[in-house]
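In numbering that gives the first Met the number 0, the protein residues as written are 0 to 372.
Ideal Cβ positions, reconstructed from N, Cα and C, are used throughout, including at glycine.
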Amino acid sequence: MGKPTGLTALYAVGVLSYVTLVSTLLSGPAVSVPRDSERESEQKTARIPFTQRYHSVQHGGIVRAANSAITCQTASHPAAASCAKVQRGAQGGVNGDFDMLYIDVDDDPNTYNSSRAELALPAHSRVSYARLYWGGNLRVGEQKPPRDNGRVLFAEPGGEYKAVLADTPVAHRTADGSDAFQASADVTRLVRQSGAGQYTVAQINVAKGQSAVGAWGGWTLVVAYENEQQPLRNLAIWDGFETLGAARRTQSLKLAGLDIPAGATGRAGVVSYDGDRSMKGDTLRVTAGRFGSVSLRNSANPANNLMNSTITDFGRSAFKRQPHYVNTLGYDSDVFDLKPALSHGGDSLNFHFSAGSGEYFLGALFVQADSRR
Numbered sequence: 000m001g002k003p004t005g006l007t008a009l010y011a012v013g014v015l016s017y018v019t020l021v022s023t024l025l026s027g028p029a030v031s032v033p034r035d036s037e038r039e040s041e042q043k044t045a046r047i048p049f050t051q052r053y054h055s056v057q058h059g060g061i062v063r064a065a066n067s068a069i070t071c072q073t074a075s076h077p078a079a080a081s082c083a084k085v086q087r088g089a090q091g092g093v094n095g096d097f098d099m100l101y102i103d104v105d106d107d108p109n110t111y112n113s114s115r116a117e118l119a120l121p122a123h124s125r126v127s128y129a130r131l132y133w134g135g136n137l138r139v140g141e142q143k144p145p146r147d148n149g150r151v152l153f154a155e156p157g158g159e160y161k162a163v164l165a166d167t168p169v170a171h172r173t174a175d176g177s178d179a180f181q182a183s184a185d186v187t188r189l190v191r192q193s194g195a196g197q198y199t200v201a202q203i204n205v206a207k208g209q210s211a212v213g214a215w216g217g218w219t220l221v222v223a224y225e226n227e228q229q230p231l232r233n234l235a236i237w238d239g240f241e242t243l244g245a246a247r248r249t250q251s252l253k254l255a256g257l258d259i260p261a262g263a264t265g266r267a268g269v270v271s272y273d274g275d276r277s278m279k280g281d282t283l284r285v286t287a288g289r290f291g292s293v294s295l296r297n298s299a300n301p302a303n304n305l306m307n308s309t310i311t312d313f314g315r316s317a318f319k320r321q322p323h324y325v326n327t328l329g330y331d332s333d334v335f336d337l338k339p340a341l342s343h344g345g346d347s348l349n350f351h352f353s354a355g356s357g358e359y360f361l362g363a364l365f366v367q368a369d370s371r372r
């Protein structure tokens, strides 16, 4: 079984994965979950370099569930496409064109935003590790206070809300008019007990309204699992919070010490924020070992516009989400086919991200690739 990894000094913060629900988040019914510690602790930092969170070589894979937290309401100028058409994936349409409002699907009067997505696990699988990521923009038509960045509500399939508190420093930085953050927490115990199904995340601290930068936010649940019926694979999760744009155009991450056979299969997932469909030049190139790099792409994510407000697997948006908007207006959680980069095999994988004319925030990378041993 794999183990969480990372820089102890950076991530050790007196962790609370689940806490008793606080009145500032929700005054309605909730399940009270025992604390791992009696003392809440939250750290904030402007920049969190990417580090490896989890790595394992095991029979199994990595899956994820994801959704956005905010969507369009009315266009801010006559030339903008209608909100309904943009939600269905019409050409163009960016968050700065609209007055944005919260998604709220849970019929709970005590929450102001909530969305759901299905976690699909193969039969006979056991969850090895599960991590919940959430983030958004605090400054749009309103300025949200950052004190609630590290808290969300999380409900398993058929379950009630539990409050989840970030167990890492909460990344919080301003750039290009936005006030951005990402937080995350280990939710392995709950996901292992609950298994596959629809998960709900609520009360993400994102701002609504209209501005040139636009509102955006969402969540992704990344799950590594063991399954003896599946091939032996390298499984890895990386996270951090980096801005790619005018000040810094590139970011590279390397997964070393691998033994990937020629003709291997694999997948790579990316979580990012504020990627717009109208901005070109966002790319991701992958190099296996000493061989040439390959640009990741698919029908929903062109090679030169990878961060384009989509939630897809290999270019398809087939798994269940509520709501199921094609254009998430600023939130990306996409899974790409790694097979084109693995044709020769290799002993390492290098992921090279770049930004073009726009700017985006890179939050997480998760990787699955076949292994000889």
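* **contact_flag[the segment 74 to 87, the segment 325 to 342] where n(CB pairs < 8 Å) is 3 or more** => yes
* Helix, strand or coil at Val325 according to DSSP, with G and I counted as helix -> For the purposes of this step, residue 325 is taken as the residue at position 326 of the sequence shown. Note: Val325 maps to coil in three-state DSSP.
* Provide the residue span of the alpha helix (DSSP H) that contains Ala263, from first to last. => Numbered from 1 along the sequence shown, position 264 holds the residue referred to as residue 263. That residue, Ala263, is in no alpha helix (DSSP H); it is neither H nor E in DSSP.
* **Bridge-paired residues (DSSP) for Gln436** => The question about residue 436 has no answer here: the residues shown for the chain are numbered 0 through 372.
* Asked: Could you give the distance in angstroms between the alpha-carbon of Cys82 and the alpha-carbon of Pro322?
  -> If you number the sequence shown from 1, residue 82 lands on position 83. If you number the sequence shown from 1, residue 322 lands on position 323. Rounded to whole angstroms, Cys82 to Pro322 spans 14 Å at the Cα level.
* Excluding five sequence neighbours on each side, which residues of the same chain lie with their C-beta closer than 6 Å to the C-beta of Gly355? -> Along the sequence shown, read from residue 1 onward, the residue named residue 355 stands at position 356. The residues are Lys279, Gly280, Asp281.
* **Within 8 Å, strictly: CB atoms of Gly362 and Val270** => As a working note, residue 362 is residue 363 in the sequence shown. As a working note, residue 270 is residue 271 in the sequence shown. Result yes, Cβ atoms of Gly362 and Val270 sit closer than 8 Å.
* To do: With a threshold of 16 other CB atoms inside 10 Å of the CB of Gly291, please say whether the residue is buried or exposed.
  => As a position in the sequence shown, residue 291 is number 292, starting the count at 1. Classification of Gly291: exposed, given that the 10 Å Cβ count is below 16.
* To do: Determine which residues share a DSSP beta bridge with Tyr224 and list them.
  => Numbered from its first residue, the sequence shown carries residue 224 at position 225. DSSP lists Gly60, Val126 as partners of Tyr224.
* To do: Verify whether the separation of the beta carbon atoms of Asp273 and Ser177 is less than 8 Å.
  => The residue you call residue 273 lines up with position 274 of the sequence shown. The residue you call residue 177 lines up with position 178 of the sequence shown. Yes, the Cβ-Cβ distance between Asp273 and Ser177 is below 8 Å.
* Cβ-based burial, Pro168 [other Cβ within 10 Å; buried from 16] -> Translated into the one-based positions of the sequence shown, residue 168 becomes position 169. Buried.
* Applying the criterion that 16 or more other CB atoms from any shown protein chain within 10 Å of the CB defines a buried residue, is Asp106 buried or exposed? -> In the sequence shown, residue 106 corresponds to position 107, counting from 1. Counting Cβ neighbours within 10 Å, Asp106 comes out exposed, since fewer than 16 surround it.
* What number of angstroms, rounded off, separates the C-alpha of Ala235 from the C-alpha of Gln57? -> Here the question's residue 235 lines up with position 236 in the sequence shown. Here the question's residue 57 lines up with position 58 in the sequence shown. Straight-line Cα distance between these residues: approximately 11 Å.
* Asked: Does DSSP put Asn307 in a helix, a strand or coil?
  -> Within the sequence shown, the letter at position 308 stands for residue 307. Coil.
* Asked: Counting pairs of Cβ atoms below 8 Å between the segment 238 to 258 and the segment 62 to 78, do you hit three or more?
  -> With the cut-off at 8 Å, the segment 238 to 258 and the segment 62 to 78 do not touch.
* Among Ala340, Gly216, Cys71, Asn300, which has the Cα closest to the Cα of Asn148? -> As a first step, residue 148 is located in the sequence shown; it is residue number 149 there, counting from the start. Selected option, being the one with the closest Cα: Gly216.
* To do: Compare the Cα-Cα distances from Val205 to each of Ser193, Gln367, Ala182 and report the closest residue.
  => Looking up residue 205 in the sequence shown gives position 206. It is Ala182 whose Cα lies nearest to the Cα of Val205.
* Between Leu364 and Leu243, what straight-line distance do the alpha-carbon atoms span, to the nearest angstrom? -> Taking the first residue of the sequence shown as 1, we reach residue 364 at position 365. Taking the first residue of the sequence shown as 1, we reach residue 243 at position 244. Roughly 15 Å separates the two Cα atoms.
* Take Leu257 as the anchor and find which of Leu231, Arg276, Glu241 has the nearest alpha-carbon. => Sequence index remark: in the sequence shown, residue 257 carries index 258 (1-based). Closest option to Leu257, Cα to Cα, is Leu231.
* Status (buried if at least 16 other CB within 10 Å, exposed otherwise) for Ser342 -> What you label residue 342 is simply residue 343 of the sequence shown in a count that begins at 1. It is exposed - the Cβ of Ser342 has fewer than 16 other Cβ atoms within 10 Å.
* To do: Just mark Gln367 as buried or exposed, buried being the case when its beta carbon has 16 or more other beta carbons within 10 Å.
  => By one-based count along the sequence shown, residue 367 stands at place 368. Per the 10 Å Cβ criterion, buried.
* Give me the Cβ distance between Val126 and Thr187, rounded to the nearest whole Å; I'm assuming they're in contact under 8 Å. => Translated into positions along the sequence shown, residue 126 becomes position 127. Translated into positions along the sequence shown, residue 187 becomes position 188. Val126 to Thr187, Cβ: 6 Å. Contact.
* Asked: Looking at the structure shown, is Ala246 part of a helix, part of a strand, or coil, going by DSSP?
  -> Position 247 of the sequence shown holds residue 246. DSSP places Ala246 in coil when its eight states are reduced to three.
* To do: Rank Asn109, Ser113, Thr173 by C-alpha distance to the C-alpha of Arg138 and give the top, closest one.
  => One-based indexing of the sequence shown puts residue 138 at position 139. Per the Cα distances, Thr173.
* Asked: Any idea if Thr309 is buried or exposed, counting beta-carbon neighbours within 10 angstroms, 16 or more meaning buried?
  -> Looking up residue 309 in the sequence shown gives position 310. Buried, because 16 or more other Cβ atoms sit within 10 Å of the Cβ of Thr309.
* **Rounded straight-line distance, which links the Cα of Ser75 to that of Ser298** => Taking the first residue of the sequence shown as 1, we reach residue 298 at position 299. Taking the first residue of the sequence shown as 1, we reach residue 75 at position 76. Those two C-alpha atoms are separated by around 29 Å.
* **Val32 to Lys161 span [Cα, whole Å]** => Here residue 32 refers to the residue found at position 33 when the sequence shown is read from its first residue. Here residue 161 refers to the residue found at position 162 when the sequence shown is read from its first residue. With a pLDDT of only 36 at Val32, under the threshold of 50, the placement of this residue in the model should not be trusted; the figure read from the coordinates follows. When rounded, the distance between both Cα atoms is 7 Å.
* So the alpha helix (DSSP H) Ala354 belongs to, where does it begin and stop? -> Within the sequence shown, the letter at position 355 stands for residue 354. Looking at the DSSP string, Ala354 is not in any alpha helix (DSSP H), and its letter there is neither H nor E.
* Asked: Rounded to the nearest angstrom, how far is the Cβ of Asp238 from that of Arg52, given a contact under 8 Å?
  -> One-based indexing of the sequence shown puts residue 238 at position 239. One-based indexing of the sequence shown puts residue 52 at position 53. Beta-carbon to beta-carbon, Asp238 and Arg52 are separated by about 5 Å, close enough to satisfy the 8 Å threshold.
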